[in-house]
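Here's the structure, in structure tokens; my notes come after.
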């Protein structure tokens with residue numbers, strides 16, 4: 001339901017070249033808009049009087065086109081104007097105020113307030129009479145704006161050569177960034193000055209052939225910045241629909257970013273049909289880093305839920321036949337017997353299994369048992385379907401059929417067993433980025449899921465895109481990801497897409513998109529490890545667009561304990577891993593480690609069993625990008641709270657429980673780093689302490705580097721519970 | 001059914017570098033194979049002792065590749081050997097003889113003899129131990145050979161940079177050719193010396209921006225050649241499956257052609273997984289041009305029918321709501337009311353029709369009536385479905401949904417009306433080359449056809465391919481065409497694909513592929529006209545691969561009589577148009593002109609009504625590429641014969657009816673050019689004459705330039721029929 005509490009529209013019907021000003025509802029933010037002498041749109045942004053974005057140009061550069069008529073020769077058209085970036089005049093401006101509250105199907109808050117002042121500037125290009133509008137929405141915590149192209153005879157179609165949106169920074173800010181790339185987001189974050197990006201990118205590129213950056217100063221969004229006078233700025237986009245993903249390219253002399261859209265095989269960046277619009281470009285800004293995390297701008301700029309019925313969408317906590325493969329103990333594949341697999345021809349029943357296959361009926365049943373014993377919702381199984389012997393690196397078109405199980409995976413028996421235990425199975429569709437192949441099998445694959453009552457699918461897009469030459473984040477491929485989500489909704493299936501384009505709040509519109517990876521996930525802890533700052537950056541970057549299936553919960557940091565051949569180390573303490581369930585909120589949360597590792601630490605595992613997945617309130621208590629995050633969240637439909645803290649370096653957390661219900665005593669169970677905990681040498685040193693707290697309580701806790709803490713808070717219902725517990 | 005009458009296998013198990021020789025069953029053809037000093041395979045071909053193909057190298061050039069492993073960094077692999085063209089040794093050779101006869105579902109003969117001697121040369125590359133085989137099949141009328149790549153651990157996958165198959169010609173032959181192009185085959189044929197190709201191509205390219213030739217000496221296959229000493233040579237390919245279409249690039253100093261495969265967006269020419277093979281490369285050769293037309297090599301080199309049940313495949317003679325649009329009298333579209341169409345959003349019922357829409361219920365019913373009155377099988381309707389307002393030239397992804405009729409096309413009423421008249425409707429699916437979009441809707445589109453009992457679909461691939469950067473004849477897009485054919489077979493639907501890759505005999509394996517355009521079709525007679533030689537070249541080039549939906553039967557050559565704004569002229573006499581039904585045999589034949597034009601010439605139209613579509617025998621009586629063709633065919637399941645002759649210049653045809661049954665008198669109805677006929681100034685001047693003939697009869701007939709004649713022959717069953725008829 002949607003409460004529209006207040007709307008004001010003021011139409012200024014006079015054309016004017018005078019600068020327009022727009023203030024946020026609380027007046028903290030000010031947007032200024034004008035046309036340059038050349039008729040180029042220019043905007044700038046101020047926060048509490050400080051310049052955040054210096055005057056920055058807006059516009060689109062088009063491809064020229066030839067006049068093409070069916071049944072005739074093609075002739076070159078004279079004078080095709082490729083500029084949608086100058087020679088404009090303002091024909092109209094319109095001001096609107098919206099203040100409404102809406103309820104997401106799942107998320108960090110039960111109610112989301114959408115409160116902004118809007119300025120719509122209607123532009124007309126003087127020579128071509130082409131119309132382009134700029135819509136600015138100024139919230140208390142930032143700006144969203146987009147280009148809109150009304151339906152018009154003079155421009156029914158156009159092709160984008162480049163979007164020329166500038167974000168002119170005021171100086172050489174600190175940045176938390178990953179390099180621009182059309183095909184992967186799975187980078188470790190860098191923290192550096194803007195002026196240092198070029199050198200770091202050049203050095204890294206020499207080391208890894210896979211990284212195909214388009215520019216030495218190209219970076220991905222969401223990009224987190226901090227100015228020397230303490231402003232936090234986040235640049236991203238919202239509602240990426242029918243468009244290529246936006247990268248930013250830095251002029252490291254002027255500190256001006258310009259949009260750099262992911263191209264297709266021809267280098268074209270968007271095929272547009274009017275009416276059309278770009279995604280929203282967002283600038284979240286505050287002098288308090290917590291506001292960046294709390295911002296709902298990205299969701300608010302997306303369209304309301306498009307699904308009539310969402311009753312089938314449920315958050316899920318799950319385990320999976322997965323960490324065994326990620327760590328190298330087991331394999332996705334079944335046999336070494338064939339040089340390559342021919343889907344539809346290779347007869348697996350005649351092949352000798354290599355004995356390392358993870359997705360066996362027997363092994364899956366163990367996970368089902370474990371999930372049922374511990375109150376989980378689901379079990380993911382990877383490697384269940386034929387084709388894994390040669391799925392990667394061969395640009396193989398017919399790589400999987402998404403419906404034929406390996407001989408040792410009895411899909412019917414597993415279905416019955418899971419059902420008898422109250423466990424839902426999570427399907428896995430690795431596409432190997434063979435897009436057409438996946439679409440060809442999609443209906444049958446989803447039908448198979450319906451048949452065996454799998455409510456959710458984890459899809460994967462590892463490797464180079466087929467059709468070759470296309471890029472993971474181009475308009476055409478982005479359209480595929482959304483096609484898969486919409487078609488899944490037709491089958492009442494939830495989607496958790498890995499290696500797809502990073503999210504931009506589309507889960508508001510399609511809440512069956514319950515997760516994405518689209519960043520360097522937990523698996524890298526078994527691929528050489530991630531830096532301790534990683535999980536303190538992700539909430540400021542990747543998570544701005546939506547939840548991440550990060551797969552936390554590693555209890556055994558020494559991966560060689562699982563697989564002697566894997567010498568990777570998970571750079572985190574056990575308490576840090578618990579905290580991630582709260583700091584990296586997601587309606588889909590995995591406990592990624594092996595059941596036997598959880599069984600070694602049943603007291604700590606208790607937190608994973610209890611932690612909620614869906615929230616009615618979230619309070620960001622402490623935050624600094626790359627350094628620390630502390631957040632308290634109230635479990636939806638309950639009176640219980642959960643708190644998480646992660647820290648990249650030694651950190652003393654001081655929290656006040658003022659967010660709790662008044663006059664209520666809570667039993668707080670605190671899972672914290674032990675004094676001698678060390679993410680490298682002593683990661684499993686944790687303490688568990690129970691205390692009583694109220695909304696007057698304060699608490700100081702210490703997190704080590706790569707550490708953190710987690711707290712569960714349950715209202716005291718029986719005084720006997722309080723026995724022996726200290727009050728704070 | 002397949003009769004395997006004789007097979008001999010001789011295995012030479014010794015490795016040898018000595019040249020191998022292979023003779024055709026009748027010894028007229030000799031193939032020589034050897035390895036060069038560098039270990040490069042070399043073949044040459046002789047016909048009756050004359051060199052046809054000089055020593056020509058064979059091999060494949062590969063792309064280098066990096067070692068890629070999932071979950072690891074990519075490292076450059078040292079020493080990746082990109083040669084599959086040298087350093088080979090012969091490890092085995094094997095000789096086989098096959099002599100079998102098989103029956104096609106439809107075609108030019110009821111029984112096809114497949115008689116060849118085969119040489120299989122097994123090669124191993126000395127340094128890499130990679131295996132590659134060459135399989136040569138020598139028929140009495142030509143050579144087929146292909147590369148085969150056995151399944152092998154040392155080469156499970158490879159990527160083709162170029163196939164290096166040479167066809168070294170012995171001199172500066174005459175050639176009938178069209179320029180190499182990755183996206184269109186709809187060219188007028190050129191006749192020139194090989195040495196003249198470059199200049200002609202350069203000149204043409206300047207005149208037309210749409211033609212994107214890759215080389216000034218690139219030509220398409222099937223390529224027809226004639227040597228100065230009277231040998232006819234045809235170069236083409238058979239069984240183009242999972243590979244890019246082959247062009248030929250000429251070295252016009254040495255007259256050596258080299259294969260030039262259609263690339264993808266990355267320039268790669270084939271992604272191969274062993275076991276694999278290339279299509280067959282064919283060299284049809286004779287000193288009698290009629291043998292080129294009669295050759296069954298292309299079909300014989302394809303796999304037997306893959307469909308278990310073919311009872312639903314039937315030849316069809318049809319009319320259509322089509323020529324009205326081609327000539328510009330009517331339009332495919334419905335309205336001018338919108339700048340562009342949004343499929344699924346645009347509400348046509350609210351739009352003003354422009355009144356020129358061809359596919360109205362009323363108009364379709366007229367064609368159904370006409371078809372029923374004249375014994376036709378079907379009616380094609382183009383422009384029945386929404387989206388035609390802006391389907392072309394905009395690189396529009398969601399361009400059609402293949403299922404929503406325009407408001408004035410009542411699909412249910414038309415279905416019922418057609419059914420009541422015994423007429424089958426032919427569906428039309430223009431894809432605008434938006435491949436993914438078509439595949440997304442394909443099941444629903446075919447289901448709609450089943451629902452309304454459409455037995456056949458004409459599909460179109462006009463415009464640039466989406467995904468952008470792909471080419472019409474690349475491996476990936478060729479795979480789509482075959483996907484569409486196979487899926488159609490699942491729905492018992494016959495396919496007639498226009499603008500798809502030119503055929504290579506795949507109709508043997510998938511006989512529901514009842515037609516292709518894939519060349520400059522009859523429609524160009526309304527787009528400025530085609531040259532009179534065109535239909536005398538096509539049987540030697542385009543038709544080598546399979547039947548063409550040429551859409552003959554134009555009776556009104558002055559297109560301005562249909563549409564005063566169209567000043568095109570059909571460069572043919574009316575008798576020539578009749579002859580095409582026999583000279584350009586196809587199981588799918590259209591009578592393309594307007595019913596009112598047929599009604600003006602009922603006596604001539606009688607031939608179109610009577611002519612058969614499927615044959616038990618074909619006898620090529622006279623032939624010269626680009627000049628004239630005379631063929632007699634016996635209608636399958638009957639005792640009736642039909643003869644056609646077309647001539648590009650004045651031609652005196654002398655035929656002997658020796659192919660007729662002995663001791664039988666036939667009533668021959670001869671539709672010939674009148675003496676004063678002229679394809680430009682007097683095209684409708686024809687004579688119709690009835691005579692009696694037997695297998696002893698001879699006949700001399702005169703065809704004017706752009707003219708021809710057609711003859712129907714029915715056994716005399718009632719002596720009364722013979723009254724007044726002369727005997728020959």
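Protein chains in written order, with UniProt numbering: chain A, 1 to 728; chain B, 1 to 728. Note that CB positions come from ideal geometry on N, CA and C, so glycine has one too.
Limits of the alpha helix (DSSP H) - the one that residue i falls within
i              : result
residue 442(A) : 435-451
residue 661(B) : Taken as a continuous stretch (DSSP letters only), residue 661(B) belongs to no alpha helix (DSSP H), as it is neither H nor E.
residue 486(A) : 475-490
residue 323(A) : 323-326
residue 688(B) : Counting along the chain, residue 688(B) falls outside any alpha helix (DSSP H), though it belongs to the beta strand (DSSP E) covering 686-693.
residue 299(B) : 297-300
residue 55(B)  : Segment 50-57 is the beta strand (DSSP E) holding residue 55(B); no alpha helix (DSSP H) there.
residue 402(A) : Run containing residue 402(A): none; DSSP gives neither H nor E here.
Nonlocal neighbours in the same chain, by C-beta distance under 6 angstroms from residue i, ignoring five residues either side
i              : result
residue 713(A) : 641, 666 and 668
residue 684(B) : 574
residue 710(A) : 578, 579, 607, 644 and 671
residue 508(A) : 299 and 302
residue 585(A) : 108
residue 503(A) : 516, 545 and 546
For residue i, the residue or residues it bridges with in DSSP
i              : result
residue 715(B) : 666(B)
residue 506(B) : DSSP, once it has assigned bridges, lists no residue as partnering residue 506(B).
residue 41(A)  : 35(A)
residue 596(B) : DSSP output for residue 596(B) lists no bridge partner at all.
residue 637(A) : The partner list for residue 637(A) (beta bridge, DSSP) is empty, contrary to what the question assumes.
residue 148(B) : 133(B) and 277(B)
residue 331(A) : 357(A)
residue 92(A)  : 122(A)
residue 320(B) : 380(B)
residue 20(A)  : 33(A)
residue 338(B) : Looking at the DSSP assignment, residue 338(B) forms no beta bridge with any residue, so it has no partner.
Same chain, Cβ closer than 7 angstroms to residue i, five either side skipped, listed in chain order
i              : result
residue 133(A) : 120, 121, 122, 123, 148 and 150
Cβ-based neighbour list, residue i, same chain, cut-off 8 angstroms, excluding 5 preceding and 5 following
i              : result
residue 443(A) : 487
residue 369(A) : 421
residue 555(B) : 574, 577, 593, 597, 598, 600, 601, 604, 605 and 684
residue 73(B)  : Its pLDDT being 45, under 50, residue 73(B) is placed unreliably by the model, and the measurement read from it follows with that caveat. Result list for residue 73(B): empty, nothing under 8 angstroms.
Inter-residue CB distance, residue i and residue j (contact presumed, cutoff 8 angstroms)
i              : j              : result
residue 152(B) : residue 128(B) : That pair is no contact at about 10 angstroms.
residue 655(A) : residue 716(A) : Incorrect: roughly 19 angstroms between the Cβ atoms, too far for contact.
residue 40(A)  : residue 63(A)  : Their Cβ separation, rounded to whole angstroms, is 19 angstroms, which puts residue 40(A) and residue 63(A) out of contact at 8 angstroms.
Opening and closing residue of the beta strand (DSSP E) in which residue i lies
i              : result
residue 554(B) : Segment: none, residue 554(B) is in no beta strand (DSSP E) and carries neither H nor E.
residue 119(B) : 112-125
residue 580(B) : No beta strand (DSSP E) holds residue 580(B); the alpha helix (DSSP H) holding it covers 574-583.
Length at least 3, wholly inside the stretch 246-282 of chain A: the beta strand (DSSP E) runs in chain order = 246-251, 256-261 and 270-273
key: Minimum length 4: unbroken alpha helix (DSSP H) runs contained in the stretch 150-232 of chain B   = 197-207
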